[in-house]
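Novice:
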Amino acid sequence: MSNPKKVMIVDDSMVMRAMIKDVLTKEGFEVVGQAKNGKEALEQYPKLNPDLVTMDIIMPGEHGTDVVKKMIELDKDARIIIVSGLNQKNLVMQAMDNGAKEFLVKPFENKELIEAAMKTAR
Ligand SMILES: [Mg+2]
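Residue numbers 1 to 122, in my numbering, belong to the letters of the sequence shown in order.
(1) For the alpha helix (DSSP H) containing Leu24, list its first residue and its last residue.
(2) Out of Lys39, Gln88, Ala121, which one is the CA nearest neighbour of Pro60?
(3) What's the gap between the Cα of Pro50 and the Cα of Ser84?
(4) On the CB-based measure, 16 or more other CB atoms within 10 Å of its CB, does Asn98 come out buried or exposed?
(5) Go ahead and label Asp56 buried or exposed: buried means 16 or more other beta carbons lie within 10 angstroms of its beta carbon, across all protein chains shown.
(6) Compute every distance between the C-beta of Asp22 and the non-hydrogen atoms of ligand 1, then say whether any falls below 6 Å.
Here it is in structure tokens:
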């Protein structure tokens, strides 16, 4: 791929970030940034200008739900996939209301992540 889509991964779990990075890198995406909380994500976003963001919900500090809202304020065309745990349906719906485009519920199949990424990246 001559022009790989740039991805930023936001998750407080290093294991989850590594897993998402591995799957998407093998699929030809370029992971240009990783953040472990909303503050880091919002600092990095304007510099990296990624084509896609994966966003955890439960992190120290702000919930991904609120980070989505602020990211959309920075860039109304931000493409965000929510990665949620089980029993977080209300937060997922709130995140979608706030402008996220897609969501995945852990544990998800690699295929689901790839499909969501291809569909959502700009
Ligand atoms: Mg988390």
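Glycine included, C-beta positions come from ideal geometry on N, C-alpha and C. None of the values given here were measured: they were computed from a predicted structure.
Specialist: Taking the definition as stated:
(1) 14-26
(2) Lys39
(3) 20 Å
(4) buried
(5) buried
(6) no
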